[in-house]
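Numbering (the numbering used here), first residue to last: 941 to 1162. Built from N, CA and C at the ideal position, the CB exists for glycine as well. Okay, structure first, notes after.
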Amino acid sequence: ESLARLIDETGNVISPYYFLNVAKISKQCKFITKIILEKSFSTFHKTGIEFSINLSVEDILNRRTVDFIAACLKEYGQNQKVVFEILESEGIESYDEVLKFISRIKNLGAAIAIDDFGAGYSNFAHILKLDVDYIKIDSSLIKNTEKDINSQIVVKTIVDFSSRLGIKTIAEFVDSRAIFEKVIELGVDFSQGYLISEPKPDIIDTGAGIQTFTQMTRQVTN
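This is how it looks when you write it as structure tokens:
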């Protein structure tokens, strides 16, 4: 997943938590999105590695941004390796425009994920209306699955619902072996979090990472 970070004058890494709201208020998000798109496509070009990019509803409703995304897909030929994540927690109201975006992008070969599903008042009806490939289950649920029975019930409900629709599920915030084992037990398809890898400025050795992850999975499922 491509993540945005700012580097200050002294080299400190600044999380989006501290600058994203300011960017939204000052109408700078579209420029940040364009930079992330350019850097992501140029970095992953010819690597054969699947990557994902977060998009806001504002990005999707911006015609120039959508045109730029389509141009990147055509230029770099990474269509089958790109997943665009839409934040469910933002509230998806302009269904017609969002559906147009999803249709256009999927026709170019890319995939769509709903991010942060389960945060706040998630609406299963959203998923029925949108042709998505992945649902990313929000960290607020995943981090409590080890001990909280209610979180387990909600996650299992999301997994069963998604499975019936042919949608793959991804657990966010998997930062311990115990949580990793629990989400496998609950039937989640994929995991993401610090247990697997912390965010890094460069592409990691995916071969070694996949081998380690495969060994962990075998130990849990055997």
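Boundaries of the alpha helix (DSSP H) harbouring Thr973: 969-984, taken from the DSSP string. In this structure, the straight-line span from the alpha carbon of Leu1135 to that of Ala1053 is close to 22 Å.
Close CB contacts of Leu1126 within its chain, under the 8 Å cut and outside five residues either way in sequence, are with Thr1085, Gln1092, Val1095, Lys1096, Val1099 (chain order). DSSP, read as helix, strand or coil, puts Leu1039 in helix. Counted as a single uninterrupted DSSP element, the alpha helix (DSSP H) harbouring Leu1013 occupies residues 1003-1016.
Within the same chain, Ala1050 come within 6 Å of Val1022 by CB-CB distance, once the 5 residues on both sides are set aside.
Between Ile1110 and Ile989 a beta carbon distance of about 16 Å is seen, past the 8 Å cut, so the two are scored as non-contacting.
Counting the other CB atoms within 10 Å of its CB gives Thr950 a total below 16, which places it among the exposed residues. Per DSSP, Leu995 is one residue of the beta strand (DSSP E) stretching across 991-995.
Residue burial is scored here from C-beta neighbours: Glu1025 has at least 16 other C-beta atoms within 10 angstroms and is therefore classed as buried. Taking C-beta atoms under 8 Å as the contact rule, Lys1083 and Phe1113 qualify, at a distance of about 5 Å. Each residue's CA atom was taken as its position, placing Glu941 and Tyr958 some 19 Å apart.
The Cβ atoms of Phe1008 and Leu977 lie closer than 8 Å to each other. In this structure, DSSP gives Phe1113 a state outside helix and strand, which the three-state scheme calls coil. With a cutoff of 8 Å on beta-carbon distance, Asp1056 and Leu1027 are scored as near each other. When the alpha-carbon of Gln968 is set against those of Asp999, Asp1071, Tyr1016, the nearest one is in Asp999.
Cβ atoms of Ile1077 and Ile1107 stay farther apart than 8 Å, at about 11 Å. With a beta-carbon spacing of about 10 Å, Leu943 and Pro1141 fall beyond the 8 Å limit used to define contacts. Sequence-distant Cβ neighbours of Ser1102 in its own chain, meaning closer than 6 Å and more than five residues away, are Ile1075, Thr1109.
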